[in-house]
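Contents: one structure, followed by commentary.
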Amino acid sequence: MLAAVYGRTGKAHVVGVTGPPGAGKSTLVNALIGEHRRAGLSVAVVAVDPSSPYGGGAILGDRIRMSDHALDDEVFVRSVASRGQLGGLSSATARVVDVLDGFGFNSVIVETVGAGQAEISIMHLAQTVIFVAAPGFGDETQAVKAGVLEIADIFVLNKADHPMAKKADRSLHEALPASSGGGWRQPIISTVAIDNTGVSELFAKVREHWAQLDPSECARAATVRAQQQLAAAVAELASAYVSEEPDFESLAKQVLSGQLSLKSAAEEAFHVIASRTRPVE
Amino acid sequence: MSTEIAPGEPIRVLLAKPTHDCHDRGVRLVAKKMRDAGFEVIFMNFLLPEEVIRAALDEDVHVVGISTSSGGHLPLFGDLLAGLAAHGRDDAVVIGGGVIPPDDEKTLRSWGVEAIFGPGTNAEQAIAMIKRRLATVSS
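Residue numbers (the working numbering), protein chains in the order written: chain U, 1 to 281; chain B, 1001 to 1139.
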């Protein structure tokens, strides 16, 4: 199925929505679905929630906040468990996005697990990244930490009717990178997602950001992403091979006893794999 | 997807309550226990039957569990089973919970609801039933 999809991808606007747990990401996505539909655009949502590190199970509850459009055929919502993947996404997320893009949705919104500082994998997946903050999540020191703040194209201060909202808005303004490098100035938009306040303004900014993107830059990014996916798939294959092949046990023991560094052992294993497997025709 | 489960693939369950039924303590507990058992639980509250069907289709779940404690379970499950069948998903395991009188339980089972977990049963029984049922299918 994926083979049928590739070649048709690259048309959808992929929008990432990230931010700390409880900031209102799902509610905001629900409101954004409404804006897309009013503009006549079809929209798919991939909502990622964390898997338990113990049993591997998950409660996927994002969909519950996106019920305004439950019966709209131009809206598709899929819940995805992170399945042990760090970075706020799951390893399958990129492929799910490709399928929805290839299927012909105008926009694909990816909601990450609650993320805050280091979870920047969304940058490689989405053309437009929205960072959602809410009053009461950390002080100024939290906000100036580099990472996710730098990769966001649009900032949203949700729950803007909260008494602490003014202070949070000020810290966010102070925390923003002095220069974003290119021509795009990262806006800060105040919303109250639950009653749709500020959401049409946010949607306008989302479309505006997409419109000013350089198509050749997007194509380049897509190639980079495909190469990353290839690298991840190769790593998965190699990992399975090394875990299952009993021959690698002696290499592992040499690492354990200190005879060999992990890096040297890995290089050795890589050579073994390369010499044993025939290149793909 | 259907109830064919690849090795290592988590069981996906949709848990929902019908629109007007606010007795959701039980189903929340079941959701947590299922998560701890390694299931991926899509948790939804207060849905119309057509919304349950749509969520089950979008999410490719193996199991649909409806908790109902306020009557109305006969038309609800009737619509749900018919809707799943109409979309080629009559392979999904449909189970119920909450308060369902014994006579109605017989009716529901004859329609294809595979188990009803009422008062006196527990989440572990439901989990064991699902694992057993899906193991039979996938082997």
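All C-beta atoms, glycine included, are put in the ideal place defined by N, C-alpha and C. For clarity, every value in this text was computed on a predicted model and none was experimentally measured.
How many Å lie between Ala266 of chain U and Ala232 of chain U at the Cα? Taking the straight line joining both Cα atoms gives about 16 Å.
How is Thr141 of chain U classed by DSSP in three states: helix, strand or coil? With a pLDDT of 45 at Thr141 of chain U, under the threshold of 50, the modelled position of that residue is not reliable, and the figure given next carries that caveat. Here Thr141 of chain U sits in helix by DSSP.
If you measure between the beta carbons of Thr1068 of chain B and Gly1098 of chain B, is that distance less than 8 Å? yes
Between the CA atoms of Thr191 of chain U and Phe131 of chain U - distance to the nearest angstrom: 12 Å
Quick one: using the 10 Å Cβ neighbour count with 16 as the cut-off for buried, is Phe1096 of chain B buried or exposed? For the sequence presented, residue 1096 of chain B should be read as Gly rather than Phe. Buried, because 16 or more other Cβ atoms sit within 10 Å of the Cβ of Gly1096 of chain B.
Where do the ends of the beta strand (DSSP E) carrying Ser1067 of chain B lie? Val1063 to Thr1068
Delimiting residues of the beta strand (DSSP E) encompassing Ile154 of chain U: Per DSSP, Ile154 of chain U is one residue of the beta strand (DSSP E) stretching across Ile154 to Leu157.
Delimiting residues of the beta strand (DSSP E) encompassing Phe1158 of chain B: Because chain B spans 1001 through 1139 in this model, residue 1158 of chain B falls outside it and cannot be assessed.
Range of the contiguous alpha helix (DSSP H) that encloses Glu268 of chain U: Leu262 to Arg276
What are the partner residues of Phe1117 of chain B, as DSSP defines its beta bridges? DSSP lists B:Gly1097 as partners of Phe1117 of chain B.
On the criterion of 16 or more Cβ atoms from any shown chain inside 10 Å, does Thr128 of chain U qualify as buried, or is it exposed? buried
Following the continuous alpha helix (DSSP H) through Phe1046 of chain B, name the residue where it begins and the one where it ends. Counting along the chain, Phe1046 of chain B falls outside any alpha helix (DSSP H), and DSSP gives it neither H nor E.
Supposed contact pair Ser26 of chain U and Asp62 of chain U - C-beta distance, whole angstroms, cut 8 Å: 4 Å
Taking Val1041 of chain B as the query, report the chain U residues whose CB atoms sit under 9 Å from its CB, ordered along the chain. Gly57, Ala58, Ile59, Leu60 and Gly61
Have a look at B:Gly1120, B:Val1063 and B:Asp1103 and flag the residue whose alpha-carbon is nearest the alpha-carbon of His1073 of chain B. B:Asp1103
Would you kindly check if the distance between the Cβ of Ala1055 of chain B and the Cβ of Gly55 of chain U is under 8 Å? no
Identify every run of the beta strand (DSSP E) within the segment 29 to 87 of chain U, keeping only runs that are complete inside it and at least 3 residues long; order them along the chain. The beta strand (DSSP E) runs lying completely inside the segment 29 to 87 of chain U and spanning 3 residues or more are 43 to 49, 58 to 60 and 75 to 81, given in chain order.
Hey, is the segment 153 to 160 of chain U in contact with the segment 196 to 210 of chain U, meaning 3+ C-beta pairs nearer than 8 Å? yes
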